[in-house]
Structure formats: structure tokens, C-alpha cells
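Remarks on the structure that follows.
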Amino acid sequence: MNRPDPSRPVVLCLSGHDPSGGAGLQADIEALLAQGCHAAPTVTALTVQDTVDVTDFRVLDREWVLAQANKVIADMPVAAVKLGMLGSVEMVDTVLELMQQLPGVPLVCDPVLRAGGGGSLGKDDVGYAMRERLFPVAAVATPNLPEARILAELPNGTADQCAERLLPHIEHLLITGGHGDETEIHNRLYSRDGSRHDFTCQRLPGSYHGSGCTLASALSGRLALGQDLRSAVKTALDYTWRTLRDAEQPGHGQFVPRRL
Ligand code: PLP
753 MNRPDPSRPV
763 VLCLSGHDPS
773 GGAGLQADIE
783 ALLAQGCHAA
793 PTVTALTVQD
803 TVDVTDFRVL
813 DREWVLAQAN
823 KVIADMPVAA
833 VKLGMLGSVE
843 MVDTVLELMQ
853 QLPGVPLVCD
863 PVLRAGGGGS
873 LGKDDVGYAM
883 RERLFPVAAV
893 ATPNLPEARI
903 LAELPNGTAD
913 QCAERLLPHI
923 EHLLITGGHG
933 DETEIHNRLY
943 SRDGSRHDFT
953 CQRLPGSYHG
963 SGCTLASALS
973 GRLALGQDLR
983 SAVKTALDYT
993 WRTLRDAEQP
1003 GHGQFVPRRL
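For any residue, its number in the numbering used here is found by taking its place in the sequence shown, counting from 1, and adding 752.
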């Protein structure tokens, strides 16, 4: 039987597993399915958490991560790569090694360092290593403002000040808002050529688990489909907003975006 060409682009996801299903690889898979992409999930770390917070995590051995991802790379045409929780500096170097086999493939870097509940998913050093070594090979990074402040080492910096510090390391940076108490959420895409694009949306009530993962995955899917960066950001932000509007509270803590 001749099957038609399976034209859904493949996105290699390198993220942690969240057993509550709100964030991490499950978020990646769901958000990518919703874009019409095929997610190829490589586990970087296991976490112990519910919708309230993270209590522990364990980063996988680098050999296991390389083995998982290399199997996929040898088997499928990878159209984009999405990074989530890496958990250790060694894992940053492992991802860099993998990216060297994928020249020209867009990399979306979500610099995950904390869970929504505030628990740690990696030391700040992991963020600094991402900034120094992965940002230069990434198409775009998607920190929220608290993450951007850590990465820029500006604890009280504005998004503009953080971007100024980070743009020497990366070509495009999407800093998302929503962590203050403003009624409108301001997301801004910064590019090294000096251009800036604002995407504003209405704040939704509640706090969410996995919103950053949803956004970065949707963006990687849009890039894998060939959309240009600016419109991919717009599509991914609009999609993420809808998943938050329709979010559910499956446990006792944060709301989980409804991605499908
Ligand atoms: N990746 C993993 C494995 C996580 O457990 C979490 C949060 O709990 C995140 C990423 C980041 O989640 P968010 O999208 O809420 O920032």
C-alpha cells in the first residue's frame, strides 16, 4: 500500500516530564498536535510535581538523552527543535552537541528555571549556560519577565533593559508579560537589528501551569510549518491565550491550559 506523504513536520522536543500533565513534554506534544505538527519527545529530566508546585527533579544521564535524540534524528527529518527544562549545565552542552548535527534547523529555547509555583527546575547557572552557549544557535528564546531578569542578571530590570543585555547573545527574543498585576499583558519581540514588535492581550484571571511550554511549543510548530518569525509569534500567542481562556483546574492548584 502506498501511503500519502506524512506531511506534518517533525519537531524534536527536549524537555522535562511533568506527571501532572500540565507542563513539560505533555504540553509540548499537545501544543504541537494542535498546530498540525508531529512531536518527537526526548526526555531530559523527570520531575515530581502536582499542579501546585515541584518538589523534586532528576536530570537524565547525558548518554540517555543523546541516545534518544540521535535515534529520532537518524530516522526523521527534524523541521524544528524546542527546548524546555534542561536542568543542568551538562544538559545544555548535550543539547549544543545535538544542534551541531542539525544546522539550519530553527531552535526555540524556553529558558525554564522555575515552575509556576516557584519551585526550582534548575540553578541560575543553567540559565547562564543557555545564554552563553545555546542562545547563539537559537532562532528565538521565550523567557517571561522573571526569567529574563535572571538571564540578564538584572533583578529589577524592565523587559527593555533585559533585552538590551541579552540581544548580543541571541538574534530574536520574545519576553512575555503577565507576571505583574497589569490588566493588559504586554509581550514584546526584540530583534538584534533593532526592531521591536508588541503583542498585547487581555489578562485572564487565575494562574496557569504550562503556559510557557505551550507558547514555546506552538511557536516551534509554526516555524516548522514555515511561517515567518513575526507571524509565528502572533499565531502562537493567540493560540496560547485561547488555551488559557479555556483552561481547566484538574487538581488543587494552578489551571492547566486546554490545548486540544
Ligand atoms: N518543564 C517542566 C518539566 C515543568 O515541570 C515546568 C513547570 O512545572 C515547566 C517546564 C515550566 O512550566 P511553565 O510553562 O508553567 O513555565
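For glycine and all other residues, C-beta sits at the position ideal for the given N, C-alpha and C. Predicted, not measured: the structure shown is a model, and the values here were computed from it.
Here Q778 is buried: its Cβ has 16 or more other Cβ atoms, across all protein chains shown, within 10 Å. Here Q801 is buried. Its C-beta has 16 or more other C-beta atoms within 10 Å. Within 10 angstroms of the beta-carbon of P895 lie 16 or more other beta-carbons, which makes it buried. Bounds of the alpha helix (DSSP H) holding V841 are 841-851. Q820: member of the alpha helix (DSSP H) spanning 814-827, first to last residue. Taking C-alpha positions only, F809 is separated from G768 by approximately 9 Å. Following the DSSP letters along the chain, one finds K986 inside the alpha helix (DSSP H) bounded by residues 981-997.
Remark: the shortest separation between the CB of M837 and any heavy atom of the ligand PLP falls under 6 Å. Rounded to whole angstroms, the Cβ separation of P863 and G879 is 6 Å, and the two are in contact under 8 Å. Counting every other CB atom within 10 Å of its CB across the protein chains shown gives L1012 a total below 16, marking it as exposed. Note that the C-beta distance between V806 and A893 is not below 7 Å. Residue state for P793 is assigned as strand, using DSSP reduced to three classes. Listed in chain order, the non-local C-beta contacts of V889 below 8 Å within the same chain comprise L848, M851, L859, local neighbours out to five positions each way being set aside.
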